[in-house]
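Novice: The structure's right below; bear with me while I get my questions together.
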Amino acid sequence: SKQHGDMMQHGLWQRLIRARRVVGAHGGPPCETYSSARWIELPDQRGPRPLRDSEMPWGRDYLMLHELQQCVVGSTLMMVTLKLLLLVYLHGGSASMEHPKGNPESEEKWCIWMSSLIHWILQGPDWRTLTFMQGPLGQCAPKPTTMLLARLIGFDAKIFGQYDMRWKPSFFLGGRDEQGWRTARAKVYPWRLSWAIA
Numbered sequence: 044s045k046q047h048g049d050m051m052q053h054g055l056w057q058r059l060i061r062a063r064r065v066v067g068a069h070g071g072p073p074c075e076t077y078s079s080a081r082w083i084e085l086p087d088q089r090g091p092r093p094l095r096d097s098e099m100p101w102g103r104d105y106l107m108l109h110e111l112q113q114c115v116v117g118s119t120l121m122m123v124t125l126k127l128l129l130l131v132y133l134h135g136g137s138a139s140m141e142h143p144k145g146n147p148e149s150e151e152k153w154c155i156w157m158s159s160l161i162h163w164i165l166q167g168p169d170w171r172t173l174t175f176m177q178g179p180l181g182q183c184a185p186k187p188t189t190m191l192l193a194r195l196i197g198f199d200a201k202i203f204g205q206y207d208m209r210w211k212p213s214f215f216l217g218g219r220d221e222q223g224w225r226t227a228r229a230k231v232y233p234w235r236l237s238w239a240i241a
C-alpha cells in the first residue's frame with residue numbers, strides 16, 4: 044500500500060500500536076547491503092562488493108554514491124523496523140524480524156546479529172533468536188536465516204513442523220547466471236515460512 048505501507052511514514056502505525064490495536068508485527072528489512080553473497084569471489088565475474096564490515100558496519104570507506112545510498116536506505120529501514128517492533132512489544136504484542144544468518148563467527152563479515160543493539164534487545168525478557176534454513180520450507184536454495192522473536196513461544200514448532208524432510212539443496216545463491224543475480228530468486232518468502240509467521 045503506497046498510503047499505509049511506506050515505512051518512512053509510520054505515524055498511523057505508531058498510533059495504532061499505542062492504542063493497543065496491534066497484537067503482533069513482523070519485519071524483514073532489505074538485506075542487499077548486508078548479504079554474505081557480496082563476499083563470494085566470483086571467477087571471471089565482477090560482483091557487487093561488500094558495503095559493510097566489522098570495522099565500519101554502517102558503510103565502508105570509499106563507497107560510490109549509489110552504494111552509500113543503498114547503505115543509508117538499508118540502515119534506516121532496519122532502525123525503523125526495530126523501532127516499530129520494540130513499540131509493539133512494549134504495548135503487549137508479539138514481534139518477529141527476519142534477516143540472513145550472516146557469519147557471526149567472522150572477524151570481518153559484519154551482520155546485524157553482531158550489532159550491540161540486537162545484543163541489548165536480547166537481554167530483555169521474552170526476546171530470543173531462532174536460526175533455520177528456508178530451503179526445506181520451499182525456498183529455491185538453503186538460505187540460512189535468523190529471526191528475532193518476542194513472545195512467540197510456539198514459533199519453533201511451527202517452523203520445523205513445516206519442514207519438508209525430503210528436501211535436498213540443488214541451487215546455489217552466489218554469483219549470477221543468464222537471468223541475473225541468483226540471490227534475487229530468494230527474496231520472496233516461501234509460502235510455508237509466511238504461513239508460520241502468520
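The sequence shown begins at 44 in my numbering and counts up by one. We put the CB at the ideal spot given by N, CA and C, even for glycine. From a predicted model like this one, the values you see are computed outputs, not experimental measurements.
1) Quick one: grab the DSSP three-state call for Arg-209.
2) Can you tell me which of the three DSSP states Ser-137 falls into?
3) Using only CA atoms, which one of Ser-137, Lys-186, Pro-168 lies nearest to Ile-64?
4) Give the DSSP-derived three-state secondary structure of Trp-153 in the structure shown.
5) Going straight from the alpha carbon of Arg-235 to that of Pro-179, what length do you get?
6) For His-142, does the three-state DSSP call read helix, strand or coil?
7) Just verifying my parser: in three-state terms, what is the DSSP assignment at Leu-55?
8) Would you kindly work out how many angstroms separate the C-alpha atoms of Val-123 and Glu-84, rounded to a whole number?
9) On the criterion of 16 or more Cβ atoms from any shown chain inside 10 Å, does Tyr-77 qualify as buried, or is it exposed?
10) Entirely within the region 170-201 and at least 3 residues each: give me those beta strand (DSSP E) ranges in chain order.
11) Taking DSSP as the reference, what is the three-state secondary structure of Gly-70?
12) Is the CB-CB distance between Lys-144 and Thr-172 below 7 Å?
13) What do you reckon, are the CB atoms on Met-176 and Glu-141 nearer than 7 Å?
14) Should the region 180-187 be called in touch with the region 200-207, which here means at least 3 C-beta pairs below 8 Å?
15) Taking only runs of the alpha helix (DSSP H) that begin and end inside the region 108-137, which ones reach a length of at least 4 residues, in chain order?
16) When you compare only the Cα positions, how much space is there between Gln-166 and Pro-187?
17) Run through DSSP, which three-state label would Arg-92 get?
18) If you follow the alpha helix (DSSP H) that Arg-235 is part of, which residue opens it and which one closes it?
19) So the alpha helix (DSSP H) His-47 belongs to, where does it begin and stop?
20) Closest to Met-121 by C-alpha separation, out of Pro-233, Thr-226, Ile-161, would be which residue?
21) Starting from Ser-159 and walking both ways along the alpha helix (DSSP H), at which residues does that stretch end?
Specialist: Here's the rundown:
1) coil
2) strand
3) A small fix is needed here, since residue 64 is Arg in this sequence, not Ile. Ranking the options by Cα distance to Arg-64, first place goes to Ser-137.
4) coil
5) 9 Å
6) strand
7) helix
8) 32 Å
9) buried
10) 170-176, 187-193
11) strand
12) no
13) no
14) yes
15) 108-133
16) 24 Å
17) coil
18) 234-240
19) Taken as a continuous stretch (DSSP letters only), His-47 belongs to no alpha helix (DSSP H), as it is neither H nor E.
20) Ile-161
21) 159-164
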